[in-house]
Structure formats: C-alpha cells, structure tokens
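This report refers to the structure that appears directly beneath it.
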C-alpha cells in the first residue's frame, strides 16, 4: 500500500502461451493502489488477455457500494469520497506523467515483440486508471442520491409520527408527495447500484449489490407499509362516519343510499384517476375491491344495477393498471433525469478544472450516460398516452439534458484546444533548450584531463548540468504526456526530441560515472603513497618485531595496502574499459590523457608493492624466530613460578602415612627431572639468539633455575628423612570408600593457556586415580600431567589447544569402591579469542595462583580481568558464593580483583573460583588454597626429625 496521499501504478505483461512471436495477443496485469489518510484505501487490478479474457477486480475501503444506513453514515461516506477525489486531483498530473512514460516505453524498445508487450502494458494501465476514475464518479453520484433519499425517509417518518399522535390531517398530502418522491428516488438508486455492480468481476460484488439494494428496499417497504397503515386508518374513520350516518337514516333508504354512495364513488374515482399518482392509484385499487365487495351484498336487491356498476368499476380498474404502468415508467424517468442532470452539472464543474486527457474522458462518459436517459424520455413521448402537462414536463427534461450535454461537450472541446496550444509552445521551448544549452554543453565540455584536479573540475561541471536537466524534467514529462494531443508535425518533433534527450542523459550519466571512477583512482593513489611511506618507516625502525603493538600496526598497514591496491587496480581497469567503450558513442569525449594517467599510476604502484613485499617477508621471518624464543622463555618462567609454589606446598605438607611420604618422594624426583629438561632448553635458547633483550631474560631465568635446584635438593633431603621415619612405624589400615568432596567444574579457556582440573577426594587407603578424556585413559599422553597429593587430584595441561576440548573424567578406586566426576573443557581458538577480546568479552590477563598459608596468616587471592562493558565479578568457594563479612572482603582496583581473608582458618582451605560476566560473555578462573595448622605441623615434623 502506498504512503498516505500517494498513488501507485504497477504493470506487468507476458506473451500469451501458444501465441506466435509478433502477435498482438498479450496478457497484461495492471494494478493501481490509492491511500487517503487512515479512512480510505483503493486497489484496482485489471487482467487483460487480448482475444481471450478481460477481468477487473477492485478492493475499496469504504467499499464501492458502501452507501450507509442513514443520513449521518452517508454524510461521512460522502465526505470521505470528496477527500479521495480531491487527493486524486492533486496527484492527477503526476499520474498522467507516469501513464505517458509507460506509453513511451514501447517506442524505446527495438525488438518488435517487446514493443507489442509494452504497448499492451500501457493500454492496460491506462484503462485501469480511467476505469477507476469512472467508478469513483459514479459512486459520488450514488452517494448524493442516497443522502437525499435518507433525508426524505426521515421527513416521512416525522410526518407518520405526527399523524400517529393525532396530528392535523392537513399534512396527509405532504406525506403523499414525500413518499412518492422517496419511492421514485429509491428505485433510481437501486438501478444505479445494479449498474455499478456490473462494472467489474470482484467476487464479492454480487453480495455487496444485494446488501446495498436490501438497505434501500427495506426503507421503501417500510414507507409503503406506513402509508398503507395511514391510508387504512383514514378510510376506517371515513367508513365509521358513513356507517353512523346510515344508522340514522330510515331502513328503507339504506339500500338506495348504498347504491348512491357506490355510484358517487365511481364518479369521483373516474375523476381521481386522471390526477392520481402511484400511491393514489394503489389506494383507488383497494377502494375498488371494497366497492365490488359491497355490490355483491346488494345483488339480490337490484341485480341489473349491480351489473352496471360492476362493469364501470372493472373498466376503472383496467384504466388504473394501465396508468400505474405508465406512471411507474414516467416516475423512473423523472428520477433518472434528475440524477443525470445533477451529474452533468457536477461533470461540468469538474470539466472547468480538467486537463485535456480528463476532458477527453469526461465528455464520452457524459454522452454515454445521458444518451440512455434522453432515449428513454423520447420513447415515453412516442409510446405512452400522456397528459399535456406530462408531455410538456418530459420534453422539457429531455431538452434540459440535451442542452447540458452539449454545453459539457463544447467545454471539453475548448479545454482540449487550450491544452494543444500550450503543448505546442512547450515543444518549441524544450527543443530550443536541448539544442542551444544541452548538446552545446556536451560538445564543449568533453575533455577529462589527466590529473585529479582536472577530474574534479570535469565532474563538477557535469553535475551542475545534470541539475539543470533535473529542473527541466517535469516540463519534459509534461510534454511527453501531452504528445498524443498534438498535431502530426509536433508529434514528430517530440519523438525526435525524446531520442536526442535520452542520448544526452545517457552520455551525461556515463561521463559523471567515468569522472567519479577517475577521481577515485587518484584518491587510492594518494592513500597508497602514504601507506608505502608508513610501512617503510616501520620496517626500518623495527628489526626484531618483538613489540606486539608495533607488529600489529605493521600487519594492519600491510593488509590495508593490499586491499587499497586491489581496489585501485579494479577501479583503474574498469575506468579504462568503460572510457574506451564510451568514446565510441560519445564523439565529444576526450579521454586519452586520462587513460594514460591511470595506466602509469597502476604500473608505478605494482613495482612499489613488489619491493615492500620482499622487505616484509624478511621482517616476518626474523619476527617469527624471536617470537618462538620468547615463548620458550615465558614457558620456562611460568614453570619456575609454579615449581617454587609447589616446593612451598610440599615443604608445608602434613605427612601422616608411608604412602604419602612415598608420593612426596616421587613428586620430588619428577621435579628434578623437569629441572634438567628446562635447564637444557635454556642453554639451547641462549645459543640460538643474539638479541640482547632475550639474552638478558635467559640469564635471569638461569639464575632462577639454580635457586630452584638448591631448594629441591634441600626438600629431597627432608623428604627422605621423613620417609625413613614412617617406614619404622606400623600403621593400621582403615578402609574407606572414595568420596569426591569437590567435583570437577566445567571450564572455558583460550588456546595456549595453562589449565588444571582439580578434585578433592577423601578415601582410606589412598585410592588409585585414573583420568579419562572422552572415555580414554590419558596416562600415555605426555602433554597431560597428573598427580594426587594431600587428597587433591589434579590434571594439568601446560599449553592448551583446540583439540584438548573434551569431556574429562576422574575415577578414584580402592578396596572400598569406586567414584567418578566429569566436566567438560572447551578451548577457544586464538582467532575466536582475539575476536572475543575485540568485542569486550571478559578475559583473565593474570590468572589466580594456588596458595598455601599457615593458619592465622592473611590470604590474598588476586587476578586481573579486562572486559567492556565492565564485567560483574563473583567469588565462589567450592559451590557456595562468598559474601563479605568481618574477615572477608573484596578489593577492586582498576582491572585488578582481590579476595582478602584475614585471620585464616583451616576450614578456609578449598577450591576458589572467580567468575566474570558482562553482556558479551563470561569467563572463570580458579585456584587451590591450603591452610596448614599453626603449631601442630611444625611440632609434628620436628618430632619426626628427632
């Protein structure tokens, strides 16, 4: 549906199946949609298949046959109709331009078959538009008659109410006139409804016709019944009066009086027939039946006299029937003539504001409608027996219609001649403008030049001229629209103008497009010069490529150069191709210098890009080598921090069994083996680089390695002593089935991160621990490190990859039974992680670290979280959210989040998780906290050493 107050015309056409090429048989579909505010919408569709079928379908709101059920509803419908007609008149010129354009499309097609199709489309769309206007005009006349009919019906009801309440009988004649006029007008309305309902093939239209006619017929029937009721009341009163008089007379005079009354009535009725209208004649028929019934009761008194009166009444009834038929025809003619006269007056008013096309439509429409009414009037004059007054009135109505029709046709001819004169002047003015301004500009402004400045000047001048064409477009379309009303010479001038005008617009559009492409190529050239200089400067100043910010910046610049170079090449080649093609049809276009300029730019930038690519490749290789060494050093440093933390935990471990001491010994031996491996890696890294920054980091890591080696040696001596002590004692074995106190937790980590699954398990004796990845034991996978220390089982992945994503299961078993816990690990690839970071998803820059403290010490668990918008942070111990109290508080400083617990207690031990969440996602991280007894551990170890 179009916007408020707008008119949309849509057309389509296809050749009819089975019709040979070149045939004029084409199927077309034309649609017109109109919207007037929120109260009126119209859709008209016309399906036409030449020689086969023609189908019109319309949808209107309010409906075409919506006439209302009373004065107020009809007044509102009439106001809506007038609003629609006013809006259509405002859009009439635009619609005529569209119709003219559709008609001209056929002349633009070179293929004869396409010409046939487009001509059919134009005819079909034009017919749909004319048909819509015709329907709306007829609906306007119908609504006016309905409004008058409802007004008469209201007056009729008022008079009926007045008489029913005992009002003066003088209004009886007024009631008779109003009823007769309303019945005649109602019959005319029903005829109009049926005529309007036959215009198109809307499947709902028969029902609409039936409903509309039913509304009018119900009112007419009610008026007739009211009239009969009033007439019957009047006759009843008269009869009562006569009966009273008869009772007062002598019985001997009763029969004579009856005959006299009947004879008097027949004489009066014969006189009344001459002047009575339809309702009066109907009343006479009813009275005649009553008089005949009275005669039947008098037959035994004087049969001959009764027969004579019966014969006179029968002749009277026959005269009444003939006059009723003639009267009905005359009344229908009066109604049709009144309606037609009003319509001709309205058409004359519309004609004074109509253009030539509308004038050409209104005059034939008026002739078509008026001829029917005029012909009926003449036929009545020749075929019916009329009174002098009836003959004079009918002849006057016929003459009036003929006079108004003639005046309307003369006015239409005048409007057409005026439009033709104005159209001829417009053709002359536009032809002069095309030659002296348009074609002259194209000839004198065809040099594009060779620089960006020349191209900008070329575009500006042609855009200014394009604006001039836009300013002339409405005049040009008006000329096209009025072409069919011009003489043969002017029509040929318009056809020649259209060809030259379309050629000028195509050449102008092509020139503007070429100028834009030429200008774009030079803009790309400027961008590339700046980018070449920037990346050369970065490559010269950054040899190692260690700084990630600088590396990212260089990578962005290089890719931007590739993208810009591709766009420049694409635009340049397109410009050269289109310029060469345009110069073959636009002889005034001088393009050689511009083509040579673009070719030189493309060649120069290809050479520069080759040089930059070679330099970039060398830099990338150096950056990759240094990055690998940097990763090795960072991995070793992370390992060193974790080992020092583990050593601290092992030093404070409370050992209560031989097996625990054996496990501790194995753990120490594993650490010693790993120290040897990491020391070897540091030596190899030191030998493979000369970068001073990397060498300084390697030296620092080696010093840290020596410190760790000494710490592990001391720990080994201490563990051996404890183990030997436990071997001397006998420990009573108590069997307890494994129980997982802290199960595994689902986790999502970024690729390359270190990750550790942890579960707290209680069992006696110590259970056998088995880790499964998607149901497969991981002990053969060297990338997975498992351990079970002090009731905590861990699975550590030093560097995660996407393929580590799986369902992990821990299984603990001893003589008392078996228990399992499972959780899924999802590893996000680096590309997805970078994308998430760019979007602001929460991310742990610094993760939580496992921590061991002595009872009473203050606990600090801290991490660094980044995200935008700022994430919400929640701390969880095991499965319970942590809340602040007099011992526990949260600290947030910038992106640093801390959990601080003062006066630590042994029940503070456990698995702590920090969760961060914002609108783009969430992330979590966890660490183990071990709180050892304050005095008991030290005292116990001392006793063992003693």
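Residue numbers (full-length UniProt numbering): 1 to 946. Just so you know, even glycine gets a beta-carbon here, dropped at the ideal spot from N, CA and C.
Can you give me the start and stop residues for the beta strand (DSSP E) that residue 740 sits inside?
-> Start and end: 736-742.
Residues near residue 763 in its chain [Cβ-Cβ closer than 8 Å; skip 5 each side] | Excluding sequence neighbours, residue 763 sits near 736, 737, 738, 739, 812, 814, 816.
Excluding five sequence neighbours on each side, which residues of the same chain lie with their C-beta closer than 6 Å to the C-beta of residue 141?
-> Cβ within range, chain order: 343.
Cut-off 7 Å between Cβ atoms - residues of its own chain near residue 310, not counting five sequence neighbours on either side | Answer for residue 310: 292, 295, listed in chain order.
Would residue 761 be called buried (16 or more neighbouring beta carbons within 10 Å of its own) or exposed?
-> The residue in question, residue 761, is buried, as its Cβ has 16 or more Cβ neighbours within 10 Å.
Whole-angstrom C-beta distance between residue 287 and residue 269, which should lie under 8 Å = With 8 Å as the limit, residue 269 and residue 287 qualify as a contact, their Cβ atoms being about 7 Å apart.
Of the listed residues 437, 229, 298, 281, nearest to residue 261 (C-alpha basis) = Closest by alpha carbon: 298.
CB contact flag (residue 823, residue 867, <9 Å) = Not a contact, by the Cβ cut-off of 9 Å.
Looking at the unbroken beta strand (DSSP E) that takes in residue 891, where does it start and where does it end?
-> Counting along the chain, residue 891 sits inside the beta strand (DSSP E) bounded by residues 888-893.
If you draw a straight line from the C-alpha of residue 706 to the C-alpha of residue 920, how long is it?
-> Whole-angstrom Cα-Cα distance: 45 Å.
Candidates 849, 712, 596, 626: closest to residue 573 by CA position | Considering only alpha carbons, the answer is 596.
To the nearest angstrom, how far is it from the Cα of residue 103 to the Cα of residue 504?
-> Whole-angstrom Cα-Cα distance: 21 Å.
The beta strand (DSSP E) enclosing residue 927, as first and last residue numbers = Counting along the chain, the unbroken beta strand (DSSP E) around residue 927 starts and ends at 921-932.
Top-ranked residue by Cα proximity to residue 928, from 285, 790, 810 | Considering only alpha carbons, the answer is 790.
For residue 752, which residues from the same chain have a beta carbon less than 7 Å from its beta carbon, with the 5 sequence-adjacent residues on both sides left out?
-> Excluding positions up to five away in sequence, the list reads 799, 800, 830.
Between the C-alpha atoms of residue 412 and residue 147, what's the straight-line distance to the nearest angstrom?
-> Distance between residue 412 and residue 147, taken at the CA atoms: about 29 Å.
To which residues of the same chain is residue 184 closer than 8 Å at the C-beta, ignoring the five residues directly before and after it?
-> Annotation for residue 184: 331, 332, 334, 335 place their beta carbon closer than 8 Å to its own, counting only its chain and skipping 5 residues before and after.
What do you get for residue 869, buried or exposed, if any count of 16 or more other CB atoms within 10 angstroms of its CB means buried?
-> Result: exposed.
Which residue spans inside the segment 552-588 form an unbroken beta strand (DSSP E) run of at least 3?
-> Annotation note: the segment 552-588 contains no uninterrupted beta strand (DSSP E) run of length 3 or greater.
Run through DSSP, which three-state label would residue 464 get?
-> Correct three-state label for residue 464: helix.
What do you get for residue 571, buried or exposed, if any count of 16 or more other CB atoms within 10 angstroms of its CB means buried?
-> Counting Cβ neighbours within 10 Å, residue 571 comes out buried, since at least 16 surround it.
Beta-carbon proximity list for residue 895, same chain, < 8 Å, skipping 5 on both sides = 845, 864, 865, 866.
From the DSSP output, in three-state form, read off residue 232 for me.
-> The answer is helix: DSSP assigns residue 232 an H, G or I state.
Beta-carbon separation of residue 438 and residue 501 under 9 Å?
-> Cβ distance < 9 Å, so residue 438 and residue 501 count as in contact.
Where residue 126 falls, given that 16 or more other Cβ within 10 Å makes a residue buried | By the 10 Å Cβ count, residue 126 comes out buried.
Could you check what DSSP says for residue 911 in three-state terms: helix, strand or coil?
-> In the structure shown, residue 911 falls within a strand segment according to DSSP collapsed to helix, strand and coil.
Expressed to the nearest angstrom, what Euclidean distance is found between the alpha-carbon atoms of residue 646 and residue 560?
-> In this model, residue 646 and residue 560 are separated by some 48 Å (Cα to Cα).
Name the DSSP bridge partner or partners of residue 814?
-> Here residue 814 is bridged, per DSSP, to 817.
Nearest neighbour of residue 644, chosen from 62, 620, 626, 675 [CA to CA] | 675 is the residue among 62, 620, 626, 675 whose C-alpha sits nearest the C-alpha of residue 644.
Between which two residues does the beta strand (DSSP E) harbouring residue 899 extend?
-> According to the DSSP assignment, residue 899 belongs to the beta strand (DSSP E) that extends over 896-901.
Determine the burial state of residue 750: buried for a count of at least 16 other Cβ atoms within 10 Å of its Cβ, exposed for fewer.
-> Residue 750 is buried by the Cβ-count criterion.
Terminal residues of the continuous alpha helix (DSSP H) containing residue 658?
-> For residue 658, the enclosing alpha helix (DSSP H) has its first and last residue at 658-687.
How would you label residue 497, buried or exposed, when you count the other beta carbons within 10 angstroms and need 16 or more for buried?
-> Burial call: buried.
Buried or exposed (CB count within 10 angstroms, at least 16 for buried), residue 673 | Answer is exposed; the Cβ neighbour count stays below 16.
Per DSSP, what kind of secondary structure is residue 74 in: helix, strand or coil?
-> For residue 74, the secondary structure class from DSSP, reduced to helix, strand or coil, is helix.
What does a CB cutoff of less than 7 Å around residue 552 pick up in its chain, not counting 5 residues either side in sequence?
-> So the list is empty, once near-sequence residues are dropped.
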